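Okay, so here's the structure we're looking at.
Numbering (my numbering), first residue to last: 422 to 797.
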């Protein structure tokens, strides 16, 4: 696929890219002067590192949670350069080489790479679809062994868009407590719901039943992946939290990876980010509506239900493999999509589209995709 894509680029052939997920390349309007002004803080010329992160930055993050009606104390927070680094820090904290963590399948493949770089083994638990996505609790229970140290959850999940329900989290926390496991929740897409649901888990950051690590950052929340700032919220039983925070502080102090200018700018970046987030939310919802309108009841494909995030999953006929669909679609029409196996879908018949694509490109690409599948 990479070679074919490069050939089209070299040959100046048109590409309708329905995979793009970098908000800085999607015609989103950024308040540039405000962001640059926030970064031009003379205090950034002085280096006074705090392993957990500058207090003003942690207070700003606590304010973000307060806006959701959630009480997070700045002392519960550890800043990182990204949620990926935050996840890696938690793996280092919880696991010795050869220990394992449970991860969802299908899913974005990041966790496997992060686990490998920390000598940790990933054990899959299954998500299944019956008109909406669910966590298969039996597969989660079967995956737990003596080497298991944590259950990883993505809320909402990427790429299925499944939001975790409060009742399901209660079951998972009860299981984790019984088996002596921690819970790690990646919430980077939490501010992008696509449907109303009173049962949806807004955040795990106030979880008190079991040791919980909630990950988020400004990459998605504020549409600012280039500024590299994430965080970990540690919650649960107080003594376990204190020990975890002390050990995380040692790990963070070893790397000191979060730069001073972005920490000082964070209060303003979160404010500016709300404007960016609003545009992204409108774009994603409009593209999802467009996709659902194009995929009519008589189409050879169907749109799976998604509740949040930036992606949509399309179910296509199993007359070809996912790779064959994606390759032939790109070669014949210039439409570029992700085959389902990129996300470890356990069976053929799935393509994944980014809802962040510019609307004109998205509409053209979807129409070409449907036409190709109908005649394929």
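Positions of the beta carbon are idealized from the N, C-alpha and C atoms, including for glycine.
Note that the coordinates shown come from a computational prediction; the quantities given were computed from them, not determined experimentally.
Can you list the beta strand (DSSP E) stretches of 3 or more residues lying completely in the region 522-550, in chain order? List check, beta strand (DSSP E) in window: 542-550.
Report yes if the CB atom of residue 643 is closer than 9 Å to the CB atom of residue 697, and no otherwise. Less than 9 Å separates the beta-carbon of residue 643 from that of residue 697.
Using a Cβ-Cβ cut-off of 6 Å (strictly less than) and excluding sequence neighbours within five positions of residue 472, which residues of its own chain qualify? Result list for residue 472: 670, 673, 674, in chain order.
Once you ignore the five residues that flank residue 789 on each side, which residues in its own chain have a CB closer than 6 Å to its CB? Cβ within range, chain order: 754, 756.
Would you mind sorting residue 659 into buried or exposed? The rule is 16 or more other CB atoms within 10 Å of its CB. Counting Cβ neighbours within 10 Å, residue 659 comes out exposed, since fewer than 16 surround it.
If you follow the alpha helix (DSSP H) that residue 687 is in, where does it begin and where does it stop? Counting along the chain, the unbroken alpha helix (DSSP H) around residue 687 starts and ends at 681-715.
Best match in 424, 429, 447, 433 for proximity to residue 701 [C-alpha to C-alpha]: Considering only alpha carbons, the answer is 447.
Does residue 476 pass the burial test, meaning 16 or more other C-beta atoms within 10 Å, or should it be called exposed? Result: exposed.
For residue 782 and residue 439, what's the separation of their Cα atoms in angstroms? Approximately 8 Å between the Cα atoms of the pair.
Using C-beta distances below 6 Å, list every residue in its chain close to residue 614, excluding the 5 sequence neighbours before and after it, in chain order. 729, listed in sequence order.
Distance between beta carbons of residue 570 and residue 590, contact taken as under 8 Å: That belief does not hold up - the Cβ atoms of residue 590 and residue 570 are roughly 19 Å apart, past 8 Å.
Taking a contact to mean a Cβ-Cβ separation below 9 Å, would you say residue 786 touches residue 425 in this structure? The answer is no: Cβ separation not under 9 Å.
Can you give the Cα-Cα distance for residue 510 and residue 678, rounded to whole angstroms? Using only the alpha carbons, I get a separation of about 12 Å.
Here's a check: name, in chain order, each residue in its chain whose Cβ is nearer than 7 Å to the Cβ of residue 801, leaving out the five neighbours to either side. This structure gives no information on residue 801, because the portion of the chain shown stretches from 422 to 797.
Among 663, 466, 721, 627, nearest to residue 683 - alpha-carbon criterion: The candidate whose alpha carbon is nearest that of residue 683 is 466.
Curious, which full-length alpha helix (DSSP H) runs of at least 4 residues does the region 731-791 contain? Inside the region 731-791, DSSP marks whole alpha helix (DSSP H) runs of 4 or more residues at positions 743-754, from first to last along the chain.
Determine the direct distance from the alpha carbon of residue 761 to that of residue 442, and round the result to whole angstroms. The straight-line gap from Cα to Cα measures roughly 16 Å.
Using the Cβ count rule (16 or more neighbours within 10 Å means buried), how would you classify residue 549? By the 10 Å Cβ count, residue 549 comes out exposed.
Rounded separation between residue 750 and residue 428 - CA only: For residue 750 and residue 428, the gap between their C-alpha atoms comes out near 14 Å.
Could you spell out the range, first to last residue, of the beta strand (DSSP E) harbouring residue 509? Here residue 509 belongs to no beta strand (DSSP E); instead the alpha helix (DSSP H) covers 504-515.
Three-state secondary structure (DSSP) of residue 794: In the three-state reduction of the DSSP assignment, residue 794 falls in the helix class.
Return yes when the Cβ of residue 434 is within less than 9 Å of the Cβ of residue 552, no when it is not. Contact annotation: residue 552 and residue 434 have beta-carbon atoms that are not nearer than 9 Å.
Classify residue 559: buried if its beta carbon has 16 or more other beta carbons within 10 angstroms, exposed otherwise. Classification of residue 559: exposed, given that the 10 Å Cβ count is below 16.
Looking only at C-alpha atoms, which of 689, 586, 529, 676 sits nearest to residue 554? When only C-alpha atoms are compared, the closest one is 586.
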